[in-house]
Ligand SMILES: [Zn+2]
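Chains as they are written, first to last, in our numbering: chain L, 18 to 113; chain P, -17 to 331.
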């Protein structure tokens, strides 16, 4: 299984892209990815209208033939998902 | 206030009309004159003036002129509510640079809006200004949440550094609040790019005014004080969109408008087009960009004809209209506005 994260938006307006193999993730994050395959975890509260410069995160989970996409917008990102997004963001590179 | 004697001899209805069409300064003089008249008439004048353009801050008699700032320490959490209150209005500096930078930056932003555009804070009603610093862990962003809070991350030191270091960044975020209370531009496509551009414009003006720079002297860069090595020397350039750093792909005219699904249709990308129109207007007029160009853009932002789905062309037309009504149909200001939009190939009708 591998993951592709695109973080877009933000004040800088720069897309950041990371592609990782789930085998390289710590066990608890692998469990989270497995959960995300079947459940769309969303944060408390919707992202508010009128906001600006917030990040949005698009996570693609590639599992065999299947691709599952999950989407979050700051600040309504569930706490359970944040460590995974942070770990992927640390490996992300700016997309041109 | 040389208009006052003239205003005194004119009937209230004509005063009202003048108030609607005049400059903010002119308007405030006229409305003060009306105030000597009947309270009922004043209320009508206020209402009518507000429909066309914002009345001068002087109208809210006695009130305004002082910000109401609160800075909260988020202590690296990503909670979307304010953390610990660490400095509020009137309190002296604390032992945290980010807190003081946010406090001071909001003060300078409030002052630009109050001194030059007679606006009393985000909503023109003295709305509290709430800055939430140290948001997240090495967080590479600053944002407005649409509910009165401005969040500032510390940066990871590679892409961005402490985002409170940028006076233009602070001005940019507060301006998102102003826009939300005025044109309420929808955050996608052209209206979203316009929303972004208006934040860059007034963010840059806060900085230029603080540094006492003329249009010619200013660098017109956005984010120059918060970039890390990867994004140096800046995030955006209003003078030369697309040249601020190695990833900058902002267009400088409509021929190069970027069609993308990312970032709400490239709101931080296509903002380069109206950004550059403002720059050309300001540089054509040579003086202080927060004066005539800033006033024209501010008038347009507050004009009810600028609706949430406003396009670049519609906004351009409204700026030209305000340049003409404020400075005259054949004024250098009107010509400069036209030159600005011409430069970015936005056709003004
Ligand atoms: Zn913005």
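A virtual CB, placed ideally from N, CA and C, is assigned to each residue, including glycine.
Whole angstroms are fine: how far does the CA of residue j sit from the CA of residue i?
i	j	result
residue 54(P)	residue 133(P)	9 Å
residue 200(P)	residue 56(L)	51 Å
residue 182(P)	residue 91(P)	13 Å
residue 130(P)	residue 154(P)	14 Å
residue 70(L)	residue 112(L)	18 Å
residue 102(L)	residue 109(L)	10 Å
residue 331(P)	residue 297(P)	11 Å
residue 319(P)	residue 235(P)	15 Å
residue 260(P)	residue 40(L)	50 Å
residue 94(P)	residue 98(L)	40 Å
residue 18(L)	residue 27(L)	28 Å
residue 286(P)	residue 52(L)	48 Å
residue 227(P)	residue 178(P)	18 Å
residue 102(P)	residue 69(P)	21 Å
residue 336(P)	residue 311(P)	With chain P represented from -17 up to 331, any question about residue 336(P) goes unanswered, as that position is not in the structure.
residue 321(P)	residue 67(P)	47 Å
residue 148(P)	residue 137(P)	12 Å
residue 187(P)	residue 269(P)	12 Å
residue 50(L)	residue 217(P)	33 Å
residue 84(L)	residue 111(P)	43 Å
residue 300(P)	residue 281(P)	9 Å
residue 33(P)	residue 164(P)	Note that residue 33(P) has pLDDT 40, beneath the 50 cutoff, so the model's placement of it is unreliable and the number below is only indicative. Straight-line Cα distance between these residues: approximately 11 Å.
residue 192(P)	residue 274(P)	17 Å
residue 271(P)	residue 105(L)	42 Å
residue 46(P)	residue 66(L)	28 Å
residue 82(P)	residue 75(P)	6 Å
residue 305(P)	residue 194(P)	23 Å
residue 82(L)	residue 46(L)	21 Å
residue 180(P)	residue 161(P)	8 Å
residue 12(P)	residue 166(P)	Its pLDDT being 42, under 50, residue 12(P) is placed unreliably by the model, and nothing is read from it.
residue 71(P)	residue 54(L)	48 Å
residue 252(P)	residue 58(P)	32 Å
Could you check where the alpha helix (DSSP H) with residue i kicks off and where it finishes?
i	result
residue 47(L)	44 to 55
residue 153(P)	149 to 163
residue 167(P)	Residue 167(P) -> no alpha helix (DSSP H), and no H or E assigned at all.
residue 290(P)	Neither: residue 290(P) is in no alpha helix (DSSP H) and is coded neither H nor E.
residue 176(P)	171 to 192
residue 341(P)	This structure cannot speak to residue 341(P), because chain P is shown only from -17 to 331.
residue 256(P)	254 to 267
residue 278(P)	274 to 283
Could you please give me the residues that DSSP links to residue i through a beta bridge?
i	result
residue 108(L)	Bridge partners of residue 108(L): none, in fact.
residue 133(P)	114(P), 125(P)
residue 80(L)	83(L)
residue 248(P)	According to DSSP, which records beta bridges pairwise, residue 248(P) is partnered with nothing at all.
residue 93(L)	90(L)
residue 21(L)	36(L), 77(L)
residue 209(P)	142(P)
residue 26(L)	72(L)
residue 203(P)	219(P)
For the beta strand (DSSP E) containing residue i, name the first residue and the last one.
i	result
residue 111(P)	111 to 117
residue 34(L)	33 to 38
residue 338(P)	Residue 338(P) is absent from the model: chain P starts at -17 and stops at 331.
residue 93(P)	No beta strand (DSSP E) holds residue 93(P); the alpha helix (DSSP H) holding it covers 79 to 93.
residue 60(P)	No beta strand (DSSP E) contains residue 60(P), which DSSP labels as neither H nor E.
residue 66(P)	66 to 70
Could you give the C-beta distance for residue i and residue j, rounded to a whole number, given that I count them as a contact under 8 Å?
i	j	result
residue 92(L)	residue 60(P)	7 Å
residue 206(P)	residue 265(P)	Actually they do not touch by this definition, with Cβ atoms about 18 Å apart.
residue 220(P)	residue 258(P)	6 Å
residue 332(P)	residue 262(P)	Here chain P comprises residues numbered -17 to 331, so residue 332(P) is not present and cannot be evaluated.
residue 169(P)	residue 231(P)	About 20 Å; that fails the 8 Å criterion.
residue 127(P)	residue 204(P)	No, residue 127(P) and residue 204(P) are not in contact; Cβ-Cβ is about 21 Å, not under 8 Å.
residue 72(L)	residue 24(L)	5 Å
residue 77(L)	residue 31(L)	In fact, because the Cβ distance is near 19 Å, the residues do not count as touching under 8 Å.
residue 65(P)	residue 56(P)	4 Å
residue 95(L)	residue 58(L)	5 Å
residue 85(P)	residue 51(P)	6 Å
residue 267(P)	residue 328(P)	Not quite, the Cβ-Cβ distance comes to about 18 Å (not below 8 Å), so this is no contact.
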